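Asker: Just dropping this structure here.
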Amino acid sequence: MGQNSFRPRTFFVCRRQSQPSQFTDLSAIILTHNHPDHIDADSLKEIINNNPNAVVLANTEIKNKLAEKQITVEAFETGTRQVGKFNIEAFDAPQEKILADEIPQNTAYVIDNVFVHPGDSLAESVAKHSETKILALPTMAPWETELQTFNFAKKMSPQYVVPIHDGYAKEFFLESRYENFQKFLKRENIEFQWMNKAGDFFEI
Numbered sequence: 028m029g030q031n032s033f034r035p036r037t038f039f040v041c042r043r044q045s046q047p048s049q050f051t052d053l054s055a056i057i058l059t060h061n062h063p064d065h066i067d068a069d070s071l072k073e074i075i076n077n078n079p080n081a082v083v084l085a086n087t088e089i090k091n092k093l094a095e096k097q098i099t100v101e102a103f104e105t106g107t108r109q110v111g112k113f114n115i116e117a118f119d120a121p122q123e124k125i126l127a128d129e130i131p132q133n134t135a136y137v138i139d140n141v142f143v144h145p146g147d148s149l150a151e152s153v154a155k156h157s158e159t160k161i162l163a164l165p166t167m168a169p170w171e172t173e174l175q176t177f178n179f180a181k182k183m184s185p186q187y188v189v190p191i192h193d194g195y196a197k198e199f200f201l202e203s204r205y206e207n208f209q210k211f212l213k214r215e216n217i218e219f220q221w222m223n224k225a226g227d228f229f230e231i
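Put into structure tokens, the structure is as follows:
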């Protein structure tokens, strides 16, 4: 989260498609859950070093895990708070079921009642924020089908969809899925924003 902009990034940094040095002028770094495709401790340390005034916000589980790596986190998993020019709401959004020994605590965030990031969740607690202008939509994950993704987007009824959680897809497959989501979401008057390259953005 910059001084005047909000920049969701996850797997791009883990895959070195983005460099930690690119993240500057941040006022906050917000983490949804403790999965390696969402948190890379080494990259996070570098981003924090480059942004010494930025606050790191996350749930209690993440706070405790990152404390083991000498990373200071402020627990923020429910309620609202102001960070710079942004109003942020945090709420519990249970992680979808996956093949794993442990299911992490997942926290969703709403920025200025305009942008909702559910983390790895399609929970009813997220759906309560339907008609938020921009939805960060997990488009490919081991815990969801294409139809579940589409139906969740319809249920949320945003004006724009920003695709997330597609970093493990091959490029040729990613493009075909983007095209398909774009086609069907357009019928629902939802604009799908292509975000398949590091540095891609759109302005509202």
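Just so we're aligned, residue 28 is where the sequence shown starts under our numbering, counting upward by one. Cβ coordinates follow ideal geometry from the N, Cα and C atoms, glycine included. The model shown is predicted, which means the values in this text are computed figures rather than measured ones.
1) Indicate the three-state DSSP secondary structure (helix, strand or coil) for Asn-140 in the structure shown.
2) What residue range is occupied by the uninterrupted alpha helix (DSSP H) comprising Ile-89?
3) Terminal residues of the continuous alpha helix (DSSP H) containing Gln-209?
4) Residues in its own chain within less than 7 angstroms of Pro-131 by CB, not counting five upstream and five downstream?
5) Alpha helix (DSSP H) containing Ile-66: first to last residue?
6) In angstroms, rounded to a whole number, what distance separates the CA positions of Ser-311 and Asn-78?
7) Three or more beta-carbon pairs under 8 angstroms between the stretch 107-122 and the stretch 132-150, yes or no?
8) Quick one: using the 10 Å Cβ neighbour count with 16 as the cut-off for buried, is Ile-191 buried or exposed?
9) Should the stretch 96-114 be regarded as contacting the stretch 148-157, the criterion being three or more beta carbon pairs within less than 8 angstroms?
10) Here's a check: name, in chain order, each residue in its chain whose Cβ is nearer than 7 angstroms to the Cβ of Ser-157, leaving out the five neighbours to either side.
Answerer: Quick look at the numbers:
1) For the purposes of this step, residue 140 is identified with residue 113 of the sequence shown, where counting begins at 1. Coil, per DSSP.
2) If you number the sequence shown from 1, residue 89 lands on position 62. Looking at the DSSP string, the run of the alpha helix (DSSP H) that includes Ile-89 is 87-94.
3) As a first step, residue 209 is located in the sequence shown; it is residue number 182 there, counting from the start. From DSSP, the alpha helix (DSSP H) with Gln-209 extends over 198-213.
4) Sequence index remark: in the sequence shown, residue 131 carries index 104 (1-based). Counting only Cβ-Cβ distances below 7 angstroms, and skipping sequence neighbours, we find His-60, Asn-61, His-62, Glu-88, Gln-122.
5) Counting from one through the sequence shown, the residue named residue 66 turns up at place 39. Note, Ile-66: premise wrong, no alpha helix (DSSP H); not H, not E.
6) No statement about residue 311 is possible, as the shown extent of the chain runs from 28 to 231 and does not include it.
7) yes
8) As a working mapping, residue 191 is identified with position 164 in the sequence shown. So Ile-191 ends up on the buried side.
9) no
10) The residue given as residue 157 occupies position 130 in the sequence shown. Around Ser-157: Lys-182, Met-183, Ser-184.
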